[in-house]
Amino acid sequence: MRTLITLLVLLCAASSVAAQTPAVPLPNVTGPIPVTADSYPLMASAKLQVVVDLQKAGYVEEEFFVSGRANVYDWAADGSPTIKTAGAPYTTRILLRRPADSRRFSGNAIVEIGNVGRGFDFSFSWGVSHDYFLENGDAWVAITHSPENLEALKVFNPTRYASLSMANPTANERCAAGANSPAAPVPQEEGLRWDAISQIGALLRAARPGGPLAGFNVQRVYATSHGGELATYTAVFHPRAKLATGKPVYDGYIQHRHPAMTRLRRCGAAPAALDPRQIIRNLDVPLIRVVSQTDVLLTYSRRRDDSDAPDDRYRLYEIAGAPHADASFYPYMPSVADQKKTGFDAFLHSWPFPEQCDDETTLLRVPIVTYALDAVYANLTRWVRDGVPPPRAPRVTVENGGTPQARVVLDQNGNAIGGVRSPYVDVAVATYITTTKGPGTCGNLAHMKAFDWAKLNTLYGTPSGYAVQVSSSVDRLVRDRWLTEADGKKIKAAAVVAPTTASR
């Protein structure tokens with residue numbers, strides 16, 4: 001009897017939530033958009049600087065145009081979101097990579113809120129974790145959510161992308177002084193992205209014919225990003241993004257770095273760095289933040305405790321030895337020819353920056369970030385699907401945190417103490433320096449100083465001695481769920497060669 005009463009209470013509560021929060025409307029979808037030799041998606045897998053053979057992996061790639069109506073929001077006086085302009089039309093695109101055979105589908109759809117830093121679309125998550133997605137049978141979906149990136153698509157191929165629009169419904173509005181916004185009126189409105197992200201998430205679950213994943217049993221939809229747009233969406237719009245069942249559109253979030261929230265609209269202001277809204281709490285789905293060692297001091301003020309509470313499931317993973325940017329994802333940028341077609345400067349993936357750092361270096365090629373994130377995806381699914389919480393990690397040890405004198409505390413090898421560990425720092429053959437002197441992006445880049453043979457001999461004796469220690473470290477990390485079994489095997493195989501070679 002008690003069980004029946006409890007069930008009725010839960011059903012009533014779910015019905016109440018569904019009644020209070022209108023279901024996210026499904027947008028219209030067109031596609032797949034035909035592909036020819038002269039008309040293909042920007043960021044098409046076959047046109048990246050390093051090609052992933054999707055057909056060999058049993059995957060297909062499709063592009064869809066998504067159209068709907070979105071509200072533009074602003075902050076109310078009490079700090080909550082309020083509708084500034086209702087029901088403005090938009091049309092954007094999504095790029096989908098999925099198993100060709102629905103029987104291989106894992107049930108997971110990974111939605112990437114794409115990188116906007118270069119003015120055209122390119123993917124962090126696909127570059128870092130595509131091997132995991134392909135091996136696991138996940139679907140990956142990239143959303144073009146920025147007016148600048150959308151305009152780059154239209155420059156890239158004016159005919160193919162003619163229908164795309166994030167037109168500003170209040171195009172004559174002039175932003176107030178000091179709003180960190182363009183003073184002159186502009187024709188696009190970035191604030192349309194929030195409802196579009198919700199509607200696309202709901203669309204991926206829809207079983208209606210012609211949908212991007214029609215015929216696939218979508219069980220979980222996750223959102224991930226490298227930028228502050230996801231931080232803003234998670235904090236502000238997740239609570240109001242509900243399906244007709246009352247369940248949330250997104251089942252979990254993986255936030256790379258710990259970026260500050262962005263403004264809600266073109267003429268809006270972002271919350272201040274120390275605004276309490278910057279620390280996200282009380283989500284009804286899991287949120288895992290993955291912060292590189294490079295970003296630990298920058299994001300120190302937004303640290304919070306981990307939690308397993310049903311209404312506040314949270315993990316913060318600070319990755320020892322990990323850089324803000326490395327060589328894992330730049331190879332999956334559009335080709336140089338396609339970059340030029342967007343109207344922006346074009347770069348090779350080997351050094352995709354206009355400036356050189358003070359100490360000439362190359363992008364770090366040690367897959368610390370890749371292997372950590374692969375385990376995060378696996379652990380998120382166990383948390384959502386099975387209710388099994390992921391492991392907890394200590395924070396990277398920081399001295400004088402939150403002050404100008406703050407620094408990461410290092411071990412005898414010059415690597416960070418604490419944080420999420422890997423064989424690269426626990427069985428080290430190098431010091432990983434996670435910031436580099438120089439202009440522009442240099443502060444976000446890492447470089448390594450390999451140990452000399454004398455130190456390697458002291459630490460490990462022989463190459464086989466090194467391999468034994470790596471194997472022991474991998475076994476422990478796989479057991480404790482910090483590495484997937486597949487990635488553990490890759491690390492062990494690499495350790496069989498000479499230690500200095502295995503780390504380059």
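Each step along the sequence shown adds one to the number in our numbering, with nothing skipped, and position 305 is 305. Even glycine gets a Cβ: it sits at the ideal position worked out from N, Cα and C.
Which whole-angstrom value describes the C-beta separation of Ile-197 and His-145, a residue pair presumed to lie in contact below a C-beta threshold of 8 Å?
-> What you label residue 197 is simply residue 197 of the sequence shown in a count that begins at 1. What you label residue 145 is simply residue 145 of the sequence shown in a count that begins at 1. Right, the Cβ-Cβ distance comes to about 6 Å (below 8 Å), so this counts as a contact.
Spatial neighbours of Ala-76 in its chain, beta-carbon cut-off 6 Å, leaving aside the 5 residues before and after | Locating residue 76 in the sequence shown gives position 76, where the first residue counts as 1. Correct list, in chain order: Thr-82.
Is Trp-351 helix, strand or coil when you go by DSSP?
-> The residue labelled residue 351 in the question sits at position 351 within the sequence shown. In the structure shown, Trp-351 sits in coil (DSSP, three-state: anything other than H, G, I, E or B).
Hey, would you say the C-beta of Thr-144 is under 6 Å away from at least one heavy atom of the ligand FAD?
-> For the ligand FAD, the structure offers nothing, since it holds no ligand at all.
Below 7 Å CB to CB, which residues in the same chain sit around Ala-206 once its five sequence neighbours on both sides are set aside?
-> Your numbering for residue 206 matches position 206 in the sequence shown. Excluding sequence neighbours, Ala-206 sits near Leu-26.
Check whether the Cβ atoms of Phe-64 and Ile-94 sit closer than 7 Å, and answer yes or no.
-> Numbered from 1 along the sequence shown, position 64 holds the residue referred to as residue 64. Numbered from 1 along the sequence shown, position 94 holds the residue referred to as residue 94. A contact, by the Cβ cut-off of 7 Å.
Ordered along the chain, which non-local residues of its own chain (more than five positions away) have a Cβ less than 6 Å from that of Asp-505?
-> Given a span of 1 to 504 for the chain in the structure shown, any question on residue 505 remains unanswerable.
According to the neighbour-count rule (16 or more other Cβ atoms, all chains shown, within 10 Å of its Cβ), is Arg-365 buried or exposed?
-> In the sequence shown, residue 365 corresponds to position 365, counting from 1. So Arg-365 counts as exposed.
Verify whether the separation of the beta carbon atoms of Pro-391 and Arg-281 is less than 7 Å.
-> Here residue 391 refers to the residue found at position 391 of the sequence shown. Here residue 281 refers to the residue found at position 281 of the sequence shown. No, these two residues do not count as a Cβ contact at 7 Å.
Whole-angstrom distance between Ser-350 and Glu-360, CA atom to CA atom = Within the sequence shown, numbered from 1, the residue matching residue 360 stands at position 360. Within the sequence shown, numbered from 1, the residue matching residue 350 stands at position 350. Taking the straight line joining both Cα atoms gives about 13 Å.
On a CA-only basis, which of Arg-98, Thr-159 and Val-384 is nearest Asn-136? Give me that one, please.
-> Sequence index remark: in the sequence shown, residue 136 carries index 136 (1-based). The residue with the shortest Cα to Cα distance from Asn-136 is Arg-98.
Identify the continuous beta strand (DSSP E) that holds Gly-488 and give its terminal residues.
-> Here the question's residue 488 lines up with position 488 in the sequence shown. Element bounds for Gly-488: not the beta strand (DSSP E) but the alpha helix (DSSP H), 485-495.
With 16 other Cβ atoms within 10 Å as the buried cut-off, status of Ala-428 = Here residue 428 is taken as the residue at index 428 of the sequence shown, counted from 1. Ala-428 comes out buried.
Smallest Cα separation from Ser-422: which of Gly-440, His-447 and Pro-367?
-> Translated into positions along the sequence shown, residue 422 becomes position 422. Closest option to Ser-422, Cα to Cα, is Pro-367.
Pick from Pro-209, Pro-41, Phe-329 and Ala-202: whose alpha carbon is nearest that of Val-221?
-> For this step, residue 221 is matched to residue 221 along the sequence shown. Closest by alpha carbon: Ala-202.
Along the chain, where does the alpha helix (DSSP H) that runs through Ala-372 open and close?
-> In the sequence shown, residue 372 corresponds to position 372, counting from 1. First-last of the alpha helix (DSSP H) with Ala-372: 368-381.
Is the segment 293-301 touching the segment 335-345, taking contact as three or more C-beta pairs under 8 Å?
-> no
From which residue to which residue does the beta strand (DSSP E) around Gly-87 run?
-> Position 87 of the sequence shown, counted from the start, is the residue given in the question as residue 87. Unbroken beta strand (DSSP E) run through Gly-87: 81-99.
Rounded separation between Pro-185 and Leu-153 - CA only = The residue given as residue 185 occupies position 185 in the sequence shown. The residue given as residue 153 occupies position 153 in the sequence shown. Computed Cα separation, rounded: 22 Å.
Label Leu-477 either buried or exposed according to how many other C-beta atoms from any shown protein chain fall within 10 Å of its C-beta, with 16 as the threshold for buried.
-> Stepping through the sequence shown from its first residue, residue 477 is reached at position 477. Counting Cβ neighbours within 10 Å, Leu-477 comes out buried, since at least 16 surround it.
Per the contact definition of three or more C-beta pairs closer than 8 Å, is the segment 241-248 in contact with the segment 370-377?
-> no
Using a Cβ-Cβ cut-off of 7 Å (strictly less than) and excluding sequence neighbours within five positions of Arg-104, which residues of its own chain qualify?
-> Here residue 104 refers to the residue found at position 104 of the sequence shown. Excluding residues within five positions, the ones whose Cβ falls inside 7 Å are Gly-58 and Gly-137.
CA-CA distance, Pro-431 and Phe-451?
-> For the purposes of this step, residue 431 is identified with residue 431 of the sequence shown, where counting begins at 1. For the purposes of this step, residue 451 is identified with residue 451 of the sequence shown, where counting begins at 1. Correcting the residue identity first, residue 431 is Thr in this sequence and not Pro. Spanning the two alpha carbons is a distance of roughly 8 Å.
So, Tyr-250 versus Leu-287, is the Cβ gap smaller than 7 Å?
-> Looking up residue 250 in the sequence shown gives position 250. Looking up residue 287 in the sequence shown gives position 287. The answer is no: Cβ separation not under 7 Å.
Would you mind giving the Cβ-Cβ distance between Pro-352 and Gly-440, rounded to the nearest angstrom? I have them listed as a contact below 8 Å.
-> Within the sequence shown, the letter at position 352 stands for residue 352. Within the sequence shown, the letter at position 440 stands for residue 440. Going by Cβ atoms, the distance from Pro-352 to Gly-440 rounds to 11 Å, so no, they are not a contact pair.
How many angstroms separate the CA atom of Ala-171 from the CA atom of Ala-177?
-> Looking up residue 171 in the sequence shown gives position 171. Looking up residue 177 in the sequence shown gives position 177. Ala-171 and Ala-177: Cα-Cα distance of roughly 17 Å.
Sequence ranges, beta strand (DSSP E) only - wholly within the segment 420-491, length at least 3 = 430-433 and 447-450
Secondary structure, beta strand (DSSP E): runs of 3+ residues fully inside the segment 245-323 | 252-256, 287-292, 307-309 and 312-319
Residue(s) in a DSSP beta bridge with Asp-74 | Here the question's residue 74 lines up with position 74 in the sequence shown. Beta-bridge pairing links Asp-74 to Thr-82.
For Thr-30, collect the residues of the same chain with a Cβ closer than 6 Å to its Cβ; drop the 5 residues on either side in sequence, then sort them by chain order.
-> Counting from 1 along the sequence shown, the entry for residue 30 is found at position 30. Closer than 6 Å at Cβ, skipping near neighbours: Phe-65.
DSSP state of Gly-228, grouped into three classes?
-> Numbered from its first residue, the sequence shown carries residue 228 at position 228. If DSSP states are grouped into helix, strand and coil, Gly-228 belongs with the helices.
How many Å lie between Val-285 and Arg-382 at the Cα?
-> Locating residue 285 in the sequence shown gives position 285, where the first residue counts as 1. Locating residue 382 in the sequence shown gives position 382, where the first residue counts as 1. C-alpha separation (whole angstroms): 13 Å.
Same chain, Cβ closer than 6 Å to Gln-188, neighbours up to 5 away in sequence not counted | In the sequence shown, the residue the question calls residue 188 occupies position 188. Correct list, in chain order: Pro-147, Met-166 and Asn-168.
From the DSSP output, in three-state form, read off Asn-28 for me.
-> Position 28 of the sequence shown holds residue 28. Looking at Asn-28 - three-state DSSP - the assignment turns out to be strand.
Kindly indicate which three-state DSSP category Arg-103 falls into: helix, strand or coil?
-> Working through the sequence shown from its first residue, we reach residue 103 at position 103. The answer is helix: DSSP assigns Arg-103 an H, G or I state.
Closest by CA to Val-398, which one among Glu-318, Leu-192, Asp-195 and Arg-69?
-> Numbered from its first residue, the sequence shown carries residue 398 at position 398. Of the listed residues, the one whose Cα sits closest to Val-398 is Glu-318.
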